[in-house]
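A.B. asks: Heads up: the sequence shown runs through residues 1 to 317, numbered per full-length UniProt numbering. One structure follows; several queries about it will come next.
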Amino acid sequence: MTSAAKINRTNDKKASRGTLFSVDGNQTLFQTLASQLDLTSGSLAMRQFPDGESYVNVNSDVNGQDVVLLCSLNQPDNKILKLLFLADDLRDLGAKSVGLVSPYLAYMRQDTKFNKGEALTSKTFASLLNERFDWLVTVDPHLHRYHSLSEIYSIPAKSLHAATLLSTWIKENTNNAFLLGPDEESEQWVSDVAQQAGVPCGVSRKERHGDRSVTVHFPPLNILDDQPIILVDDIISSGHTMIESVLQLKQQFINPVWCVAVHGIFAENADSHLLAAGADRLITTNSIAQPHAQIDVSNLIAQELRRCLASENELVS
Ligand SMILES: O=P(O)(O)OC[C@H]1O[C@@H](O)[C@H](O)[C@@H]1O
Numbered sequence: 001m002t003s004a005a006k007i008n009r010t011n012d013k014k015a016s017r018g019t020l021f022s023v024d025g026n027q028t029l030f031q032t033l034a035s036q037l038d039l040t041s042g043s044l045a046m047r048q049f050p051d052g053e054s055y056v057n058v059n060s061d062v063n064g065q066d067v068v069l070l071c072s073l074n075q076p077d078n079k080i081l082k083l084l085f086l087a088d089d090l091r092d093l094g095a096k097s098v099g100l101v102s103p104y105l106a107y108m109r110q111d112t113k114f115n116k117g118e119a120l121t122s123k124t125f126a127s128l129l130n131e132r133f134d135w136l137v138t139v140d141p142h143l144h145r146y147h148s149l150s151e152i153y154s155i156p157a158k159s160l161h162a163a164t165l166l167s168t169w170i171k172e173n174t175n176n177a178f179l180l181g182p183d184e185e186s187e188q189w190v191s192d193v194a195q196q197a198g199v200p201c202g203v204s205r206k207e208r209h210g211d212r213s214v215t216v217h218f219p220p221l222n223i224l225d226d227q228p229i230i231l232v233d234d235i236i237s238s239g240h241t242m243i244e245s246v247l248q249l250k251q252q253f254i255n256p257v258w259c260v261a262v263h264g265i266f267a268e269n270a271d272s273h274l275l276a277a278g279a280d281r282l283i284t285t286n287s288i289a290q291p292h293a294q295i296d297v298s299n300l301i302a303q304e305l306r307r308c309l310a311s312e313n314e315l316v317s
């Protein structure tokens, strides 16, 4: 964006209202954000043609508006083209800015070439969003080998953290938990949540043999009778990281085992498999709409979005 365009945007900011569109149908988040921020609810039509191509049609007047698209990027390949088409359509219709709130951000786990010849999809995916959006807000992206979104996102990209919300849920539901991270990558989430909840924690070591095959090695565990063991991670995708941990814990302990994660993707009915493995509770945030979403991230996002819209999208990651 040119600096002249930025100045024009600043000058006519007061005259405009923002419009929020829900692309993925997450109604809880959509309603809360629209009402808390006094944004107009945008109307759009989307469908597939018989040959699989996407049709999108914006039915709202967005001329001169700051527009926000809300779309969690689980199942990203089904959503990304629609998002790009929408962003272009909105600009054609005169939108002043187009931002993306993606509570779950996809492709962040493909953050290196694990094998020769592999595509670095995190980078390519980021470049698609960089080209079409003015800014991005997300919740706990999988920052492991990348330390900041700015390593691949050139637009202002803000990572929000759900650790306080997770620790609050834990404190409200038990005063006696032991938190266990199922792998080294979970250390950043489990230690933060444990510290805020004021409970002990440990971190396991994981070997990944394939998409649906892992081995988990626990640290020495000193668990008290009846102490809930809470597995804490950022993502439950195939569920195999959690399933393997639950199966082993249930063999070793009679304690309740709960699974708490920021993002519940639950691919291939992973939630049913986790419950069948013996998990006593499954709790996630509502970054993705699904039946186990009990921790609400809408206030967290609303606070950031308010800042973002008020300051002409001057975000710092
Ligand atoms: O085992 P599934 O659920 O497929 O994948 C989720 C795990 O894979 C890691 O990248 C995540 O941090 C999490 O530990």
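Glycine included, each C-beta is placed from N, C-alpha and C at the ideal position. Just so it is clear, the structure is predicted and the values come from calculations on it, not from any experiment.
Among residues of its own chain, excluding the 5 on either side of E304, which ones have a beta-carbon nearer than 7 Å to its beta-carbon?
C.D. replies: Here residue 304 refers to the residue found at position 304 of the sequence shown. Closer than 7 Å at Cβ, skipping near neighbours: V137, K158, L160.
A.B. asks: Quick check on M108: does DSSP put it in helix, strand or coil?
C.D. replies: Translated into positions along the sequence shown, residue 108 becomes position 108. The answer is coil: DSSP assigns M108 none of H, G, I, E or B.
A.B. asks: Spatial neighbours of I301 within its chain, please: CB distance less than 8 Å, with the 5 preceding and 5 following residues excluded, ordered by chain position.
C.D. replies: Here residue 301 corresponds to residue number 301 of the sequence shown, with the count starting at 1. Answer for I301: L29, L33, V101, P103, V137, V139, L160, listed in chain order.
A.B. asks: With three or more beta-carbon pairs closer than 8 Å as the criterion, would you say the region 168-175 touches the region 261-277?
C.D. replies: Because the criterion of three Cβ pairs below 8 Å is not met, the region 168-175 and the region 261-277 do not touch.
A.B. asks: Ordered along the chain, which non-local residues of its own chain (more than five positions away) have a Cβ less than 6 Å from that of V67?
C.D. replies: As a working mapping, residue 67 is identified with position 67 in the sequence shown. Around V67: T19, L90, A95, V98.
A.B. asks: Return yes when the Cβ of V199 is within less than 7 Å of the Cβ of L179, no when it is not.
C.D. replies: For the purposes of this step, residue 179 is identified with residue 179 of the sequence shown, where counting begins at 1. For the purposes of this step, residue 199 is identified with residue 199 of the sequence shown, where counting begins at 1. Taking 7 Å as the Cβ cut-off, L179 and V199 qualify as a contacting pair.
A.B. asks: According to DSSP, which residues form a beta bridge with E268?
C.D. replies: Locating residue 268 in the sequence shown gives position 268, where the first residue counts as 1. According to DSSP, E268 bridges with nothing at all.
A.B. asks: Mind checking M1: buried by the 16 CB within 10 Å criterion, or exposed?
C.D. replies: Within the sequence shown, the letter at position 1 stands for residue 1. Interpretation of M1 is limited by its pLDDT of 44, a score under 50 that renders its predicted location unreliable; the figure taken from the coordinates is listed afterwards. Exposed: under 16 other Cβ atoms inside 10 Å.
A.B. asks: Give every residue of the same chain whose Cβ lies closer than 6 Å to the Cβ of E244, excluding the five residues on either side of it in the sequence, and list them in chain order.
C.D. replies: The residue given as residue 244 occupies position 244 in the sequence shown. For E244, where only same-chain residues beyond five positions count, the Cβ hits under 6 Å are V214, V216.
A.B. asks: Can you determine whether any heavy atom of ligand 1 sits closer than 6 Å to the C-beta of E185, and answer yes or no?
C.D. replies: Taking the first residue of the sequence shown as 1, we reach residue 185 at position 185. Under cutoff, so the answer is yes.
A.B. asks: Does the beta carbon of T241 fall short of 6 Å from some heavy atom of ligand 1?
C.D. replies: Numbered from its first residue, the sequence shown carries residue 241 at position 241. The answer is yes for T241.
A.B. asks: Given a cut-off of 7 Å on the beta-carbon distance, is the pair D280 and P256 in contact?
C.D. replies: Within the sequence shown, the letter at position 280 stands for residue 280. Within the sequence shown, the letter at position 256 stands for residue 256. Cβ distance < 7 Å, so D280 and P256 count as in contact.
A.B. asks: V58: which of A293, L84, D38, P76 sits nearest, CA to CA?
C.D. replies: Walking along the sequence shown from the start, residue 58 turns up at place 58. Residue L84 is the option with its Cα nearest to V58.
A.B. asks: Within the present structure, is the beta-carbon of I236 separated from the nearest heavy atom of ligand 1 by less than 6 Å?
C.D. replies: In the sequence shown, residue 236 corresponds to position 236, counting from 1. It does: the Cβ of I236 is within 6 Å (strictly closer) of some heavy atom of ligand 1.
A.B. asks: Any contact between the region 102-122 and the region 138-152? By contact I mean 3 or more CB pairs, one from each, below 8 Å.
C.D. replies: Counting Cβ pairs under 8 Å, three or more are found: they touch.
A.B. asks: Buried or exposed, going by whether 16 or more other CB atoms sit within 10 Å of the CB of S154?
C.D. replies: Walking along the sequence shown from the start, residue 154 turns up at place 154. Classification for S154: exposed.
A.B. asks: Look at the alpha carbon of E118 and the alpha carbon of E184, and state the distance between them as a whole number of angstroms.
C.D. replies: In the sequence shown, residue 118 corresponds to position 118, counting from 1. In the sequence shown, residue 184 corresponds to position 184, counting from 1. Their backbone Cα atoms lie some 23 Å apart in a straight line.
A.B. asks: Please determine, among C259, H209, A177, the residue with the shortest C-alpha to C-alpha distance to D226.
C.D. replies: One-based indexing of the sequence shown puts residue 226 at position 226. D226 has its Cα closest to that of A177, out of C259, H209, A177.
A.B. asks: Between T164 and Q196, which are expected to be in contact by the criterion C-beta below 8 Å, what is the C-beta distance as a whole number of angstroms?
C.D. replies: If you number the sequence shown from 1, residue 164 lands on position 164. If you number the sequence shown from 1, residue 196 lands on position 196. That belief holds up - the Cβ atoms of T164 and Q196 are roughly 6 Å apart, short of 8 Å.
A.B. asks: Using 10 angstroms around the beta-carbon of L231, count the other beta-carbons present and answer buried if the total reaches 16, otherwise exposed.
C.D. replies: Here residue 231 corresponds to residue number 231 of the sequence shown, with the count starting at 1. Buried.
A.B. asks: So is the beta-carbon of R109 under 6 Å away from any non-hydrogen atom of ligand 1?
C.D. replies: In the sequence shown, the residue the question calls residue 109 occupies position 109. True, at least one ligand heavy atom lies under 6 Å from that Cβ.
A.B. asks: Run the CB neighbour count on C308, radius 10 Å, all protein chains shown included, and call it buried at 16 or more, exposed below.
C.D. replies: Residue 308 sits at position 308 when you count from the first residue of the sequence shown. Classification for C308: buried.
A.B. asks: Just how far apart, CA to CA, sit R212 and G239?
C.D. replies: Locating residue 212 in the sequence shown gives position 212, where the first residue counts as 1. Locating residue 239 in the sequence shown gives position 239, where the first residue counts as 1. Spanning the two alpha carbons is a distance of roughly 8 Å.
A.B. asks: From the DSSP output, read off the bridge partner residues of T284.
C.D. replies: If you number the sequence shown from 1, residue 284 lands on position 284. BP columns for T284 point to A261, A293.
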